[in-house]
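Notes to accompany the following structure.
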Amino acid sequence: MKYEAVIGLEIHCELKTKTKIFCGCATSFGADQNTHVCPVCLGMPGVLPTVNQRVVEFGIKAGLATNCEINKYSKFDRKNYYYPDLPKNWQTSQYDLPIAEHGWVDIDVEGEKKRIRLTRIHMEEDAGKLVHSGTNIKDSASSNVDYNRTGVPLLEIVSEPDMSSAEEARAYMEKIKAIMEYIDVSNCRMEEGNLRADINVSLRPVGSKELGTRTEMKNINSFKNLEDAINYEIERQTEVLEDGGHIVQETRTFDPAQGITLSMRSKENAHDYRYMPEPDLPPIITSEETIEKYRSELPELPDARRARLESEFGLSDYDAGIITSSRAMAEYFDAVVATGADAKLAANWMMGDLLKNLNDEGLDISKSPVEAQRLGEMIQLIMKDTISGKIAKKVFKEMWTNTDSPEKIVKDKGLVQITDTKAIEGIVDVVIAKNQKAVDDYKGGNKKAIGALVGQVMKASKGKANPQMVNQLLAQKLDG
Amino acid sequence: MRLYEKPAHVLHDMLVNKEITSVELTEDVLSRIDEVEGEVKAYLTVTRDEALEQARAVDEKIARGEEISFLEGIPGAIKDNICTKGVKTTCASKILEHFVPPYDATVMKKLKAENPVILGKLNMDEFAMGGSTENSAYHPTCNPWNTECVPGGSSGGSAASVAAGTAIWSLGSDTGGSIRQPASFCGVVGLKPTYGRVSRYGLVAYGSSLDQIGPVTRDVTDCAHLLNIIAGHDEMDSTSSEAAVPDFTRALVEDVKGLKIGLPKEYFVKGMDPEVEKAIRAAIEKYKEMGAEIVDISLPHTDYAISAYYLIAPAEAATNLQRYDGVSYGERVEGEDLVSMMTNTRTEKFGEEVKRRIVIGNYALSAGYYDAYYLKAMKVRTLVAEDYAKAFEQVDVILAPVAPTTAFKIGEMAGDPLQMYLQDACTVPLNLAGLPGISLPCGFSSKGMPIGMQIIGKALDEETIIRAAYTYEQSQDYHTKMAKLGGNN
């Protein structure tokens, strides 16, 4: 039997507010343990939460950016569940009236568009961090808790089980990441856990409408792990089913080192969260005016920007897709073009040498040693024929480690293109004299033979001769 | 007459006129504590040295010719579920036996700005759950009028201390009648303000949507002054009202002419002590005499209020009390592993009543029962509130008994929690509706036990109930009587 995968994601997105969701403590990352705490986020007896309005704003913006309906009457609920690192022992979250519901985003996998529906987006507080004395909880004599993260605001973005492959899940999460970056509600630094996903995977026979038993993998925080975990899980479940077995509903953990998922705990005894409306927080009432105000503050979103790059600059769908896949990329592109650089050249250079170099060094574009301004200047040197595309590759390589302007680099390294007709003519003459066979071939009707001659001229000029001029002069001399 | 017998407003004038010093006053109240605390046991913590130090500072200020505020230099005490920075706040529970809050409740901040003398922390039913102060994990408090009787609860310490003269004023908290019922049992004045009128920040939560801090005082005048100090919006409590706070002492006028007073038939329940009913009826006659109009009204959902309350309050309590797990604060009882440590801690450190309500609350919230219990209770709550809203279209205030009986004997109801819960039948409905209510003395039983009556107002209309209470109070002298204790009276 052929099986198809059914995949849904719950993405936790940490918001970039300065203060926590229910108190005034700082949210900044990397502070000394338990320095960003107060009676409220420590859940001391008697304390009460107050809502950080920025969190509500970000929740609404995230909802609007993902085509959700915004609930004008929304409320917080207590989710009663024992977290060793959440001091109140309930999580203030949202249950039946989340801030946003019923949205969608479009994804693109190998040229095929697919719409992924969003069930809901709700606001909640993060938990703290356990610090074990040993390498893990089992071999630790004691465990301490760092409450700095407790109360850091999160959005939980829940999708419908609309994805059917690891690629789609990745594209979906990339799209969510891009949107959250664009609307500036999260730093989306996955390595810091700003964005992490719980993945639900089940299999069903192709054509079946019924959902199979699912497993859940928690806290996946890289795209690679996301794909690997899903692929492993699909394979594992397929084997179980093909062997006539049954999938056990459970929570599994992904071990990136081995590339496998492992059973963490059975979900058979479903948790009873004993949800209750949070009596300490009044409902969140949002007016149409507020919603429209936030809508007007939204920037151009990835899909719209992609369409614009295609129509305005004639970029290919693929190129525009990659360039708009992150706000930093799109802004880099804008900055390159703003220098006066040709948009297509800008796209080519970004997609080519720039991305390759960044990937090789594992750098984010915001940390690129070649800044947008300098890449723009370099492209303009190409446009002015000061350097050829080939020389530009050398210049670009130099720029990676040399902070000088491209112009200075070209000058210092003597990489200026030879556009002096006389100089090129001299080389052309020498090459013609030395390559009688190619000349004869050409004259005998094999026009392709000119290629070899061009190559010789370029070689003799150390790549600096303007290729168009070389072609032109050769043709003149041979045809004349 | 000793100083501790006088209300705060009289003592304030004496301080201003330099007839007494705050140290003299404080020493008098402290010596009263020495005399009768052994019998009454209203306190959990007495901060004697700090109190005298505060008193000395006030005296110096007076000596310098500076003006003093109403409460300045006047000794009072705080229910032990209100967080006091640096002073133990136990909620009368073993689980918070050594808990010293690192912060002050908002009401404490507001009080401290007035420079009163704080004598210490008062006994209560554990986590404010109970109607008799027998559920304290430390010791029961006794009614100053008859030490074989309960002082009521859960603010039993707050009421008993004021009645016994071991505090001139106190703060209590009222979730289902916990200020008004003990005030009634002890013959003092207790006010539950409108929900949200006083910040709950720093009040250790029992039923968050019902809890409210309020004053317990010797008379209505002190009550209005105290409410002035503690009322107002608080940014730390988003459920606190943003409504403007009037000067409640302006409501201290003798005038009920034309005031429409509603008498809800459902509050004069079967099984009510005839002596209580007689005293309330006499008060009604008094109001008529003074020019008020009495209107018979009906609050038809009253019967269901107790049931709704005993689902909503425990549900909220069950989650509020989850934090006491032996990990973060309070006491720990070791176990073999994490779960047994928590189980042992909660088993040993919570009292029976608290455990009972945690179980009820978790049951009511659990999947599959939520709709049948919690949700239905919330609907009843709406109906109860609507009853009042309708009634207040016809009347200005509602007059009712506080409790069906006078203070009962210690241990008398301990084995019958349901009977105990019925004690709250007349007080609980207005907590569900968030309305203000005041309890004030309106007579004594043949056995000499105080009887209280309750005046219920519209939301945020504490002024009218204070006016009605003050007018009645001035027509009689019940509030001037002191309990006989320690052979000094």
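Note that the protein sequences, when read in sequence, are chains A and B. Each residue of the first sequence is one higher than the last, beginning at 1 in our numbering. Each residue of the second sequence is one higher than the last, beginning at 1 in our numbering. For each residue, glycine too, the CB sits at the ideal point set by N, CA and C.
Candidates the options, of which the one nearest residue i by Cα
i: Arg374 of chain A; options: A:Gly259, A:Ile409, A:Lys413; result: A:Ile409
i: Asp80 of chain B; options: B:Leu111, B:Gly38, B:Phe127, B:Thr175; result: B:Phe127
i: Gly43 of chain A; options: B:Tyr103, B:Ala367, B:Thr347, B:Ala243; result: B:Tyr103
i: Cys426 of chain B; options: B:Gln181, B:Glu348, B:Met482; result: B:Gln181
i: Leu338 of chain B; options: A:Pro84, A:Asp364, A:Pro45, A:Cys41; result: A:Pro84
i: Lys443 of chain A; options: A:Arg117, A:Ile424, A:Gln476; result: A:Gln476
i: Ala403 of chain B; options: B:Tyr374, B:Ile438, B:Asp387; result: B:Ile438
i: Cys83 of chain B; options: B:Ser298, B:Met108, B:Leu399; result: B:Met108
i: Val105 of chain A; options: A:Asp96, A:Leu453, A:Val158, A:Val131; result: A:Val158
i: Leu9 of chain A; options: A:Ala197, A:Lys464, A:Ala330; result: A:Ala197
i: Arg120 of chain B; options: B:Glu72, B:Glu134, B:Ile33; result: The sequence shown places Gly at residue 120 of chain B, not Arg. The option with the nearest alpha carbon to Gly120 of chain B is B:Ile33.
i: Ile168 of chain B; options: B:Ala92, B:Ser366, B:Asp219, B:Asn123; result: B:Asp219
i: Ala414 of chain B; options: B:Val150, B:Asp461, B:Thr471, B:Val16; result: B:Val150
i: Ile21 of chain A; options: A:Asp126, A:Ala5, A:Asp108, A:His12; result: A:Asp126
Rounded straight-line distance, which links the Cα of residue j to that of residue i
i: Lys257 of chain B; j: Val188 of chain B; result: 25 Å
i: Gly152 of chain B; j: Leu383 of chain B; result: 28 Å
i: Pro417 of chain B; j: Met129 of chain B; result: 11 Å
i: Leu440 of chain B; j: Glu285 of chain B; result: 16 Å
i: Lys393 of chain A; j: Asp353 of chain A; result: 8 Å
i: Asp371 of chain B; j: Lys349 of chain B; result: 31 Å
i: Lys209 of chain A; j: Asn144 of chain A; result: 47 Å
i: Ser69 of chain B; j: Leu30 of chain B; result: 22 Å
i: Ala346 of chain A; j: Thr419 of chain A; result: 23 Å
i: Glu266 of chain B; j: Ala163 of chain B; result: 30 Å
i: Leu375 of chain B; j: Met217 of chain A; result: 33 Å
i: Ala308 of chain B; j: Met378 of chain B; result: 7 Å
i: Met1 of chain B; j: Ser446 of chain B; result: 26 Å
i: Arg204 of chain A; j: Ile247 of chain A; result: 11 Å
i: Thr106 of chain B; j: Tyr478 of chain B; result: 33 Å
i: Ile179 of chain B; j: Asp49 of chain B; result: 28 Å
i: Asp396 of chain B; j: Ile121 of chain A; result: 46 Å
i: Asn488 of chain B; j: Ala385 of chain B; result: Confidence at Asn488 of chain B is low in this model, with a pLDDT of 44, below 50, so the placement of that residue should be treated as unreliable; the coordinate-derived value is given next. Roughly 47 Å separates the two Cα atoms.
i: Ile179 of chain A; j: Glu156 of chain A; result: 14 Å
Burial state of residue i, where buried means 16 or more other Cβ atoms lie within 10 Å
i: Asn270 of chain B; result: As written in the sequence, residue 270 of chain B is Lys, which differs from the Asn given in the question. Classification for Lys270 of chain B: exposed.
i: Gly480 of chain A; result: exposed
i: Asn80 of chain A; result: buried
i: Arg265 of chain A; result: exposed
i: Pro406 of chain A; result: buried
i: Ser263 of chain A; result: exposed
i: Val359 of chain B; result: exposed
i: Leu474 of chain A; result: buried
i: Tyr73 of chain A; result: exposed
i: Pro140 of chain B; result: buried
i: Leu211 of chain A; result: exposed
i: Asp325 of chain B; result: buried
i: Asn136 of chain A; result: exposed
Residue i - DSSP class collapsed to helix/strand/coil
i: Gln277 of chain A; result: The residue you asked about is not Gln; residue 277 of chain A is Pro in the sequence shown. Correct three-state label for Pro277 of chain A: strand.
i: Pro264 of chain B; result: strand
i: Glu39 of chain B; result: helix
i: Ile387 of chain A; result: coil
i: Tyr363 of chain B; result: helix
i: Lys79 of chain B; result: strand
i: Asp502 of chain B; result: With chain B represented from 1 up to 489, any question about residue 502 of chain B goes unanswered, as that position is not in the structure.
i: Val457 of chain A; result: helix
i: Gly186 of chain B; result: It is Cys, not Gly, that sits at residue 186 of chain B in the sequence shown. Looking at Cys186 of chain B - three-state DSSP - the assignment turns out to be helix.
i: Phe444 of chain B; result: strand
i: Arg32 of chain B; result: helix
i: Pro302 of chain A; result: helix
i: Tyr3 of chain A; result: strand
i: Met272 of chain B; result: coil
Residue i beta carbon near the ligand ZN (any heavy atom closer than 7 Å)
i: Ile107 of chain A; result: Among the components of this structure there are no ligands whatsoever, and the ligand ZN is therefore not found.
- Can you check the region 143–203 of chain A for any alpha helix (DSSP H) of at least 4 residues that lies completely inside it and give the ranges in chain order? 166–182
- Run through the region 50–76 of chain A for me and flag every whole beta strand (DSSP E) of 3 or more residues, listed as ranges in chain order. Those beta strand (DSSP E) runs which fall completely within the region 50–76 of chain A and span 3+ residues do not exist here.
- Task: Within the region 200–257 of chain B, note down every full alpha helix (DSSP H) run reaching 4 residues or more, in order along the chain.
- Result: 220–230
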